[in-house]
Every structure is written in C-alpha cells, then in structure tokens.
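Structure first, then comments.
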Amino acid sequence: MHDQPLEALTFDLDDTLWDNHQVMVDTELGHYGWLDDALSAWLAERGQAPAQRFAERYPLAAFEASRRRLAETHPLRRGDFTWLRKRALREMLQAYGLPPATAAQWAEAAMARFMELRHRVTPHPEVEPLLSELGRRYRLASITNGNVDVQRLALGRHFPVAITAGELLAPKPDPRPFLAALARLGLPPSRALHVGDSWREDVAPARRLGMQVAWIAPHEGDQALPAGIHRLNHVRELPELLRRLTR
Ligand SMILES: [Mg+2]
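For this note's numbering, count along the sequence shown from 1 and bump the result up by 9.
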C-alpha cells in the first residue's frame, strides 16, 4: 500500500491513551479546594482571615475567566496552560490582599498540587502492553497540548521523544510540534503515523504534513474519510490497522 514503510508512531495523550475528563474535573476541584482550605487556615493562624474566603470571592468561574483574559492579552502564551494558571492565581491572590511575594508562593504551591493531581491518569489497560509491543517495531513519540509530563508516568519509558506543545508556544494544530517530533525522530512525515482523538488538533494538521493518521473517534460513524486517515474506536485497534497498512 505504501512505497515507504512506517517507521514511527506519534501519540496524542489525553483522550487517546486515557480518558481525561474525570482527571481534569478532580484536578480542577482538588487543587482549588486545597488552596482555599490551606490559605484560610494560614490566614486564620495569623489572625488575618478576611470576611470572605478566597474561593467565595473568586469562584472557579472567575479563575477560568481570568485565564481566558490572560490568553487573549498574551497570545503567545495561549497554549502554555501552566503559565496561564500560575499567573491567573497570582493576580487573584494579590487582588485578595496578599503581598506579591506571598501571592507568588501560594500560586506555586497550588500549581504543584494541580500537577500532582493532573498526573493521576489511568491509561487504558491495553496501553502498556500495546506500547511495549509497538516499541519493538516502531520509534515512538508523544505530542500533547496538555500539561502532562509523560516522563512522570510509568509509560513514559516508551517515549524517548516527548513534545509538550503548549510549552513550545505552538500548540496543535500548529504544525511545529509535529515537525519537532519528526526532526527528533529523524524521519520525514511520510514515514510516520499520528494517533489522536481530535480532528482539529491531531488529524487535520498531521495529515496536512503528509503523515498517516489513526483517528480515535468512537462516536463517529463509518463515513468515508480522506485517504490516509483511518478511524478507530479505541487505541487497542491500532495493531490491526498497522497490519492492514503494511500488507
Ligand atoms: Mg487528545
């Protein structure tokens, strides 16, 4: 089917190797609740507790709005979620009455808590054996827009190349994270297949570069797709697709 065999696979992470929704809900509520409790206790100890708790004055919706505003005023940082979160927290904590250095420390602490919760992902049970198997035959890379550092996870050892696109200041669908992965793999796009769940952020940009694409889309029907794009219900179906493509 192809003149040139595939040599590498690049993987999106969130909602491709694990279900991300519940992790994000737990992380969002968990770190903000932690900040509110810890800060209230700390202020009370000092006899400085304001009438309103931090999360009463700035509910999660205010935090979200503040991140959106920052992303608009700092477009280069729009994909750097860690930076946006820390900066928004710092500004709200200062507005709440903390001195700048104290606000920065609490923002750091809340973000550390966020990152700890954010990494409590549970990959699909098939993923570990799948990556072990595929890693023998293909070079593997991860490309994520999220702030998961794949090397903090057990399955990070399968990814010698790991691209965190937001921190490149060029989140997918920008082609640069794909090009960065391909450059580090030392391969042209035609020798790689990208696996991802988002049409806009994974499928379209990878295909435009000339990569093959496995689109994880369990809720899409079997409509005809452009050449080079293959729909799967689940990442566990990837080995079968690769067998078909190399036949
Ligand atoms: Mg995804």
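Note that the Cβ used here is the ideal one computed from N, Cα and C, for glycine as well.
- Relative to ligand 1, the nearest heavy atom lies less than 8 Å away from the CB of Gly-205.
- Counting along the chain, Ser-141 sits inside the alpha helix (DSSP H) bounded by residues 136 to 146.
- In this structure, Val-222 keeps its C-beta atom at 9 Å or more from the C-beta atom of Asp-231.
- In the displayed model, Ser-151 falls within a strand according to three-state DSSP.
- Shown here, Val-157 sits in coil according to DSSP, grouped into three states, outside any helix or strand.
- DSSP places Val-34 in the helix class (H, G or I) of the three-state scheme.
- For Phe-20, the enclosing beta strand (DSSP E) has its first and last residue at 17 to 20.
- Shown here for Gly-39: same chain residues with a beta carbon closer than 6 Å to its own, the five before and five after excluded, namely Leu-126 in chain order.
- No Cβ-Cβ contact shorter than 9 Å links Asp-21 with Thr-131.
- Taking Leu-196 as the centre and dropping the five residues before and after it, the same chain places the C-beta of Glu-16, Ala-17 closer than 7 Å to its C-beta, in chain order.
- Exclusion of the five residues before and after Arg-62 leaves Asp-45, Ser-49 as the residues of its chain whose Cβ lies within less than 7 Å of its Cβ.
- Counted as a single uninterrupted DSSP element, the stretch harbouring Gln-13 is not any alpha helix (DSSP H), since DSSP gives it neither H nor E.
- In the DSSP assignment, Ala-201 falls outside any alpha helix (DSSP H) and within the unbroken beta strand (DSSP E) covering 201 to 205.
- Ala-150 is a Cβ neighbour of Leu-194, given a cutoff of 9 Å.
- When only Cα atoms are considered, Ile-238 and Arg-145 end up about 24 Å apart.
- Looking at the backbone, the Cα of Ile-172 and that of Arg-252 are separated by about 27 Å.
- Look at Val-130 here: in three-state DSSP terms it is coil, with no helix or strand label.
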